[in-house]
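Q: For what it's worth, the working numbering labels the leading residue of the sequence shown as 2, then goes sequentially. Sharing a structure, written as structure tokens. Questions coming.
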Amino acid sequence: MLGVTGGIAAYKSADLVRRLKDTGAEVRVVMTAAATRFVTPLTFQALSGNRVHTQLLDSESEAGMSHIDLARWADALLIAPASANFLARLTYGLADDLLSTLALATDVPIAVAPAMNQQMWANPATQHNVQTLRQRDVLIYGPGQGSQACGEEGMGRMLEPIQLVEQLSSLFETGSMQGVKILVNAGPTYEDIDPVRFIGNRSSGKMGYAIAMAAKEAGAEVTLISGPTSLPPPEKVECINVRSARQMYDAVISQAGGCDIFIAAAAVADFRPKHYESQKIKKQSSPLKTIELEQTDDILTAVSGLKKRPFCVGFAAESDHLDRYAQDKLKSKKLDMIAANWINKKNSGFESDHNALTLYWQTGQLDLPHAPKLQLAQNLISFIAEKYHAQHRVKNS
Ligand SMILES: Cc1cc2nc3c(=O)[nH]c(=O)nc-3n(C[C@H](O)[C@H](O)[C@H](O)COP(=O)(O)O)c2cc1C
2 MLGVTGGIAA YKSADLVRRL KDTGAEVRVV MTAAATRFVT PLTFQALSGN RVHTQLLDSE
62 SEAGMSHIDL ARWADALLIA PASANFLARL TYGLADDLLS TLALATDVPI AVAPAMNQQM
122 WANPATQHNV QTLRQRDVLI YGPGQGSQAC GEEGMGRMLE PIQLVEQLSS LFETGSMQGV
182 KILVNAGPTY EDIDPVRFIG NRSSGKMGYA IAMAAKEAGA EVTLISGPTS LPPPEKVECI
242 NVRSARQMYD AVISQAGGCD IFIAAAAVAD FRPKHYESQK IKKQSSPLKT IELEQTDDIL
302 TAVSGLKKRP FCVGFAAESD HLDRYAQDKL KSKKLDMIAA NWINKKNSGF ESDHNALTLY
362 WQTGQLDLPH APKLQLAQNL ISFIAEKYHA QHRVKNS
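This is how it looks when you write it as structure tokens:
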């Protein structure tokens with residue numbers, strides 16, 4: 002259940018609903034009267050697919066899903082944004098509207114994402130309220146630091162929706178990867194030509210980051226090695242940032258020996274310029290500049306060839322003959338599993354928030370249908386967990 006209160010950050014909660022739904026959650030939204038002045042209930046209704054609840058003293062609502070039914074329906078109550086006013090009402094146990102009444106009537110975990118002007122946040126009254134709520138096991142997500150809608154700078158920004166989803170998801174860890182160390186690489190690599198130019202690719206890192214988040218959710222200890230992306234680092238995941246294929250190779254090799262599973266979701270360059278020009282190449286260079294390329298080292302082959310090798314999962318992104326290329330890669334790189342995806346399908350692959358995968362292993366294959374990347378990553382992690390534990394049982398028997 003998502004509670005939305007009257008703050009300027011309420012517009013971000015529209016995206017939050019979408020991202021919560023991407024995890025497979027069913028979302029019902031409850032808004033305070035002030036919240037409805039910032040964003041219309043219709044927006045949340047369209048995004049959540051459920052009627053939005055705004056009234057406590059409403060006979061029609063009570064005849065449908067009463068405030069007590071609502072309180073019992075939820076697995077968790079996240080209030081985002083949580084206004085200074087709402088934090089005060091929650092602290093003092095007021096039940097003067099639907100959201101505050103639900104917060105009193107529910108026994109599921111309550112999380113608040115405060116969002117307000119930095120002076121309001123720093124005010125001793127707000128600080129006292131937050132401290133009291135924390136002592137009562139209310140989860141306080143954020144706030145973050147940065148520029149504010151009012152033009153000021155400081156503490157009080159609501160955490161980004163993706164960060165809130167990660168924090169909330171950690172309440173529902175499935176545990177299939179408890180005690181397992183997982184190394185994930187993600188994003189593109191940039192191969193520098195000169196100080197201003199590079200050869201890159203269109204990988205956004207979204208799939209790899211979603212896998213790291215899903216692995217964390219499943220209880221794993223996760224290290225994410227990321228090429229350049231614009232994504233915030235996932236919560237409670239150790240992140241190592243790299244730029245080039247060579248740096249990605251070095252970082253992965255230094256970590257691979259200590260992990261149980263390696264999931265190679267990065268789009269690492271196959272070729273890099275043979276020579277790096279330390280001065281910017283001039284437009285007028287004559288004759289026309291030819292950039293000679295050389296092959297980069299193959300990370301997956303190196304990891305799967307290690308003496309103490311982790312369970313290796315590769316990715317194949319192809320524009321044609323996906324099935325054949327993926328199976329060839331599975332065999333030639335001696336992988337345990339490969340996840341194949343088309344790069345030229347609409348609303349899939351690079352940059353998209355959605356994807357579909359076909360998994361291949363030595364003795365079978367499985368389609369993971371088109372879904373938001375986080376949901377797909379959760380399904381992928383569950384399946385890897387199954388295969389990894391089965392392999393371990395055989396090794397240990
Ligand atoms: C334009 C505008 C923006 C506001 N932004 C915030 C905000 O970001 N955080 C906050 O705590 N209060 C903010 N307020 C004040 C709340 O809307 C006000 O305290 C309201 O009573 C909150 O009601 P609620 O907690 O029931 O939703 C803002 C008010 C206005 C007029």
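Just so it is clear, CB atoms sit at the ideal spot from N, CA and C, and this is done for glycine as well.
#1: Any chance the CB of S84 is under 8 angstroms from a heavy atom of ligand 1?
#2: What separation, rounded to the nearest whole angstrom, lies between the Cα atoms of E192 and I254?
#3: Ignore the nearest five residues each way along the sequence and tell me which others in F312's own chain have a CB closer than 6 angstroms to its CB.
#4: Whether or not the segment 176 to 184 and the segment 245 to 260 are in contact is what I'm after, with contact meaning three or more pairs of Cβ atoms, one per stretch, closer than 8 angstroms; do they touch?
#5: Could you give the DSSP three-state label for D324: helix, strand or coil?
#6: Who are the near neighbours of T92 in its chain, counting only those whose CB is closer than 7 angstroms to its CB and skipping five residues on each side?
#7: If you draw a straight line from the C-alpha of I282 to the C-alpha of A77, how long is it?
#8: Which residues in the same chain have their Cβ closer than 6 angstroms to the Cβ of A35, if we skip the five residues on either side of it in sequence?
#9: Are the segment 312 to 327 and the segment 270 to 279 touching by the rule of at least three beta carbon pairs closer than 8 angstroms?
#10: In three-state terms, what does DSSP make of I69?
#11: Using C-beta distances below 6 angstroms, list every residue in its chain close to N51, excluding the 5 sequence neighbours before and after it, in chain order.
#12: My output table needs one value for N86: the three-state DSSP class, helix, strand or coil.
#13: Can you tell which of I80, G145, M249, V53 has its C-alpha closest to the C-alpha of L169?
#14: Helix, strand or coil: how does DSSP classify Y361 here?
#15: What's the C-alpha gap between A64 and S101?
#16: Under DSSP, the beta strand (DSSP E) around T224 begins and ends at which residues?
#17: When every heavy atom of ligand 1 is checked, does at least one fall within less than 8 angstroms of the C-beta of G50?
#18: Following the continuous beta strand (DSSP E) through M338, name the residue where it begins and the one where it ends.
#19: Since I believe Q128 is in contact with G157 (beta carbons under 8 angstroms), could you give me their beta-carbon distance rounded to a whole number of angstroms?
#20: How is the alpha helix (DSSP H) around L134 delimited, first residue to last?
#21: Taking DSSP as the reference, what is the three-state secondary structure of N356?
#22: Counting pairs of Cβ atoms below 8 angstroms between the segment 233 to 251 and the segment 298 to 308, do you hit three or more?
#23: Give me, in chain order, the residues of the same chain whose beta-carbon lies closer than 7 angstroms to that of D368; leave out the 5 immediate sequence neighbours on both sides.
#24: Let me know the secondary structure DSSP gives V197 once reduced to three states.
#25: Using DSSP with H/G/I as helix, E/B as strand and the rest coil, what is G400?
#26: Alpha carbon to alpha carbon, how far is Q179 from R394? Give it in angstroms, no decimals.
#27: Just verifying my parser: in three-state terms, what is the DSSP assignment at D16?
#28: Might you give, ordered along the chain, the residues of its own chain that have their beta carbon closer than 6 angstroms to the beta carbon of A96, omitting 5 neighbours on each side?
#29: Would you report the Cα separation of W122 and A114, rounded to the nearest angstrom?
#30: I'd like the span of the beta strand (DSSP E) that includes F316, first residue to last.
#31: Could you check where the alpha helix (DSSP H) with L43 kicks off and where it finishes?
#32: DSSP three-state label for P403, please.
#33: Give the straight-line distance between the Cα atoms of G147 and I241, rounded to the nearest whole angstrom.
#34: Whole angstroms is fine: what's the gap from P110's alpha carbon to S204's?
#35: Where P125 and S353 are concerned, what is the direct C-alpha to C-alpha distance, given to the nearest angstrom?
#36: For L375, write down the residues that DSSP places opposite it in a beta bridge.
A: Let me lay it out:
#1: Here residue 84 is taken as the residue at index 83 of the sequence shown, counted from 1. Yes, the Cβ of S84 comes within 8 angstroms of a heavy atom of ligand 1.
#2: As a working mapping, residue 192 is identified with position 191 in the sequence shown. As a working mapping, residue 254 is identified with position 253 in the sequence shown. Taking the straight line joining both Cα atoms gives about 19 angstroms.
#3: The residue you call residue 312 lines up with position 311 of the sequence shown. I262, D337, Y389, listed in sequence order.
#4: yes
#5: On the sequence shown, position 323 is the one that residue 324 refers to. Correct three-state label for D324: helix.
#6: Residue 92 sits at position 91 when you count from the first residue of the sequence shown. N130, T133, L134, listed in sequence order.
#7: Position 281 of the sequence shown holds residue 282. Position 76 of the sequence shown holds residue 77. Roughly 57 angstroms between the two C-alpha positions.
#8: Counting from one through the sequence shown, the residue named residue 35 turns up at place 34. Excluding residues within five positions, the ones whose Cβ falls inside 6 angstroms are G7.
#9: no
#10: Taking the sequence shown and counting its residues from 1, the one referred to as residue 69 is at position 68. I69: helix per DSSP, three-state reduction.
#11: Your numbering for residue 51 matches position 50 in the sequence shown. Taking C-beta separations shorter than 6 angstroms and ignoring five residues to either side along the sequence, the partners of N51 in its chain run R29, following chain order.
#12: Position 85 of the sequence shown holds residue 86. Assigned with DSSP and collapsed to three states, N86 falls in helix.
#13: The count along the sequence shown starts at 1 and reaches residue 169 at position 168. Measuring from the Cα of L169, the nearest candidate turns out to be I80.
#14: Here the question's residue 361 lines up with position 360 in the sequence shown. Note: Y361 maps to strand in three-state DSSP.
#15: Residue 64 sits at position 63 when you count from the first residue of the sequence shown. Residue 101 sits at position 100 when you count from the first residue of the sequence shown. Approximately 20 angstroms between the Cα atoms of the pair.
#16: The count along the sequence shown starts at 1 and reaches residue 224 at position 223. Residues 222 to 227.
#17: Within the sequence shown, numbered from 1, the residue matching residue 50 stands at position 49. For ligand 1, not one heavy atom lies less than 8 angstroms from the Cβ of G50.
#18: Locating residue 338 in the sequence shown gives position 337, where the first residue counts as 1. Counting along the chain, the beta strand (DSSP E) containing M338 begins and ends at 338 to 343.
#19: Counted from its first residue, the sequence shown places residue 157 at position 156. Counted from its first residue, the sequence shown places residue 128 at position 127. About 12 angstroms; that fails the 8 angstroms criterion.
#20: For the purposes of this step, residue 134 is taken as the residue at position 133 of the sequence shown. 125 to 136 is the span of the alpha helix (DSSP H), which, as asked, contains L134.
#21: Within the sequence shown, residue 356 is the residue found at index 355, counting from 1. N356 falls in the strand class under three-state DSSP.
#22: yes
#23: For the purposes of this step, residue 368 is taken as the residue at position 367 of the sequence shown. Excluding sequence neighbours, D368 sits near T359.
#24: As a first step, residue 197 is located in the sequence shown; it is residue number 196 there, counting from the start. It is coil, neither helix nor strand.
#25: Residue 400 cannot be examined here, being either before or after the span of the chain that is shown, 2 to 398.
#26: Working through the sequence shown from its first residue, we reach residue 394 at position 393. Working through the sequence shown from its first residue, we reach residue 179 at position 178. The alpha-carbon atoms of R394 and Q179 are separated by roughly 16 angstroms.
#27: Within the sequence shown, residue 16 is the residue found at index 15, counting from 1. Correct three-state label for D16: helix.
#28: The residue you call residue 96 lines up with position 95 of the sequence shown. For A96, where only same-chain residues beyond five positions count, the Cβ hits under 6 angstroms are T102, L105.
#29: Locating residue 122 in the sequence shown gives position 121, counting from the first residue. Locating residue 114 in the sequence shown gives position 113, counting from the first residue. Rounded to the nearest angstrom, the two C-alpha atoms are 12 angstroms apart.
#30: Here residue 316 is taken as the residue at index 315 of the sequence shown, counted from 1. Per DSSP, F316 belongs to the beta strand (DSSP E) from 312 to 319.
#31: Reading the sequence shown from its first residue, position 42 is the one you call residue 43. Start and end: 42 to 49.
#32: Because residue 403 is not part of the residues shown, which for the chain are 2 to 398, the question remains open.
#33: In the sequence shown, residue 147 corresponds to position 146, counting from 1. In the sequence shown, residue 241 corresponds to position 240, counting from 1. Answer to the nearest angstrom: the Cα atoms are 24 angstroms apart.
#34: Taking the sequence shown and counting its residues from 1, the one referred to as residue 110 is at position 109. Taking the sequence shown and counting its residues from 1, the one referred to as residue 204 is at position 203. For P110 and S204, the distance between alpha carbons rounds to 36 angstroms.
#35: Along the sequence shown, one-based indexing puts residue 125 at 124. Along the sequence shown, one-based indexing puts residue 353 at 352. Approximately 44 angstroms, taken between the alpha carbons.
#36: Taking the first residue of the sequence shown as position 1, residue 375 is located at position 374. Per DSSP, none; premise fails for L375.
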